[in-house]
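Engineer:
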Amino acid sequence: MKQTIPRVGFVSLGCPKALVDSERILTQLRTEGYTVAPSYEEADLVVVNTCGFIDSAVEESLDAIGEALAENGKVIVTGCLGAREAEIRDVHPQVLAVTGPHALDEVMRAVHAHLPPRHDPLTDLVPPQGLRLTPRHYAYLKISEGCNHRCTFCIIPSMRGDLVSRPIGEVMQEAENLARAGVKELLVIAQDTSAYGVDLRYRTGFWGGRPIRTRFTELARHLGELGLWIRLHYVYPYPHVDEVIPLMAEGKILPYLDIPFQHASPRILKAMKRPAGGEDVLQRLRHWRSICPDLALRSTFIVGFPGETEEDFLRLLDFLQEAQLDRVGCFTYSPVDGAVANALADPVPEEVKQERLERFMETQAKISAARLEQRVGRELTVLVDDVGAEGARARSYADAPEIDGIVHIARADGLHPGDMVRVTITDSDEHDLYGRPALSLR
Ligand code: SF4
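The opening position of the sequence shown corresponds to residue 357 in our numbering, with each subsequent residue numbered one higher.
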């Protein structure tokens, strides 16, 4: 009698790091002969990968679990919120199993227990690059898990543990497989990308028979040999980050850095316990730009952190003016369950937080718009994300997917997602650029 193929539904919530976990689980499921069901009704059970970073994410995750239970009934929970099992079981006692983040083996054990696999090596082949949830032309490359820092507003270390770097040979192999599968852009992610390899004492690994140290600079250099766009996220301004700027100037990796500064007042950075909080960041940025003038910088900030005075806030606005960052996200401080910062003195009233957020965004909007305007008239290489009736949406080296702006191309005849084209930038606004094709690199 022919065995039916076990079908698993999958709901993926949260940040790019959670997305990578989801891709790993999906890849493993397919490797073991499961299929991924497109709807609750067609699934034998559902895995929900949750996020627990802020209160709204917790709510969204609990809702998603509730929906999966109502529609399907058999639910396994994983991801960041999974680290708070009691909270989940309080609301949804009927879930089959709960695991924390980055728990591929535990998730698979739970799936096996409730839905045994059926393996057919002839039909269940999985491509070596695994299964991905991003479009075909870009992919996230997670190089480590966990974090050795203890920022007072963050509970990630208590959920994900201390830094655990993936061996460099394994990371490079995954990157090579993705390149072979047609990926054009790799987004390197971790909680602290610049700390890569610290936990392994920069151990030497091997890729293609060559010895390589497990270290941030070496990783960037070797990824740069793959001929892809390499984009670095979640980098802290440590002195050794200086070493990757020449690689950017030489065109080996994208001249783009995503550095979550969070604040600029030394007092607040100290209260936040931020990594590299004591570095002279402005001097470092000047130095980087002297080597690589095209460097695009993205950052995020928190306003209204407990104890933030008007003077601290003005210092932050001054920093923005000096730093001239290209892209910036800003949030008002909101207490996260379990975060040390909740107990800090002098919480900032909600209306002051909102007012500071508005002043912050107003200041930065002008800077971002002016920085974009400087690109008008230039010719840039862009990667096409999608093409529709209105034209194509593409991104330049300065734009990461989802979080930064885009380059609109009105005349998109013959363009396809994943194409790299040269465009002449004809216009700009606060967020985006507008261009027309110059020369195809396809
Ligand atoms: S660096 Fe700070 S904010 Fe980032 S994950 Fe580590 S503790 Fe959290």
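Glycine is no exception: its CB is placed at the ideal position from the N, C-alpha and C atoms.
The structure displayed is predicted, hence computed values, not measured ones.
Considering Cα atoms alone, identify which of I421, S378, R492 is closest to P319.
Structural biologist: Residue 319 is absent from the structure shown; the chain starts at 357 and stops at 798.
Engineer: So, does the stretch 519-531 touch the stretch 569-588, judging by three or more C-beta pairs under 8 Å?
Structural biologist: Touching, yes.
Engineer: Beta-carbon distances below 6 Å to any heavy atom of the ligand SF4 define the shell here; list its residues in chain order, please.
Structural biologist: Chain-ordered list of matching residues: C503, H505, R506, C507, C510, I512, P513, Q547, D548, P631.
Engineer: With which residues is K498 paired in a DSSP beta bridge?
Structural biologist: In the DSSP output, where bridge partners are listed per residue, K498 has I545.
Engineer: Using the three-state DSSP reduction, which class does T782 fall into: helix, strand or coil?
Structural biologist: Strand at T782.
Engineer: Suppose contacts are defined by Cβ-Cβ distances below 8 Å. Is L452 in contact with I432 by that definition?
Structural biologist: Result yes, Cβ atoms of L452 and I432 sit closer than 8 Å.
Engineer: Please name the residue, chosen from D785, A725, G429, Y552, that lies closest to Q677 on a Cα-to-Cα basis.
Structural biologist: Taking only the C-alpha atoms, the option nearest Q677 is A725.
Engineer: By Cβ distance, which residues of its chain are closer than 7 Å to T780, with the 5 residues on each side in sequence left out?
Structural biologist: Excluding sequence neighbours, T780 sits near E735, G791, R792, A794.
Engineer: Pull up the distance between the alpha-carbon of R411 and that of S417, whole angstroms please.
Structural biologist: Looking at the sequence itself, residue 411 is Asp, so the reference to Arg does not match. Cα to Cα, the separation comes out at about 10 Å.
Engineer: Decide if the stretch 690-707 is in contact with the stretch 636-653; the criterion is three or more beta carbon pairs, one per stretch, under 8 Å apart.
Structural biologist: No: fewer than three Cβ pairs fall under 8 Å.
Engineer: Per DSSP, R363 forms a beta bridge with which residues?
Structural biologist: Answer by DSSP bridge pairing, in chain order: T391.
Engineer: Using a Cβ-Cβ cutoff of less than 6 Å, which residues in the same chain neighbour F562 once the five nearest sequence positions on both sides are dropped?
Structural biologist: Hits under 6 Å: G525.
Engineer: Quick one: what does DSSP say Q680 is sitting in, helix, strand or coil?
Structural biologist: Three-state result, Q680: coil.
Engineer: Are three or more beta carbon pairs between the stretch 585-598 and the stretch 552-560 nearer than 8 Å?
Structural biologist: With the cut-off at 8 Å, the stretch 585-598 and the stretch 552-560 do not touch.
Engineer: Should H468 go down as buried or exposed, given a rule of 16 or more other Cβ atoms within 10 Å for buried?
Structural biologist: H468 is exposed by the Cβ-count criterion.
Engineer: Quick one: grab the DSSP three-state call for S655.
Structural biologist: Strand, per DSSP.
Engineer: Got a sec, what are the start and stop residues for the beta strand (DSSP E) D614 sits in?
Structural biologist: That run of the beta strand (DSSP E) goes 612-614.
Engineer: Looking only at C-alpha atoms, which of S378, V708, L670, D614 sits nearest to T688?
Structural biologist: Selected option, being the one with the closest Cα: V708.
Engineer: Should T665 be labelled buried (16 or more other beta-carbon atoms within 10 Å of its own) or exposed?
Structural biologist: Exposed is the call here.
Engineer: Let's test the definition: count the other Cβ atoms within 10 Å of the Cβ of I499 and tell me whether it reaches 16, buried, or not, exposed.
Structural biologist: When all chains shown are included, I499 counts as buried.
Engineer: Roughly how many angstroms lie between the CA atoms of K373 and P457, to the nearest whole one?
Structural biologist: One C-alpha to the other measures close to 10 Å.
Engineer: For S690, which three-state DSSP category applies?
Structural biologist: DSSP places S690 in coil when its eight states are reduced to three.
Engineer: Taking the CB atoms as reference points, tell me whether L437 and V402 lie closer together than 8 Å.
Structural biologist: Cβ distance not < 8 Å, so L437 and V402 don't count as in contact.
Engineer: Report the residue from R569, L543, A537 whose alpha carbon sits nearest the alpha carbon of H589.
Structural biologist: Cα-wise, what sits closest to H589 is L543.
Engineer: Any contact between the stretch 737-744 and the stretch 698-718? By contact I mean 3 or more CB pairs, one from each, below 8 Å.
Structural biologist: Output reads no: the stretch 698-718 does not touch the stretch 737-744.
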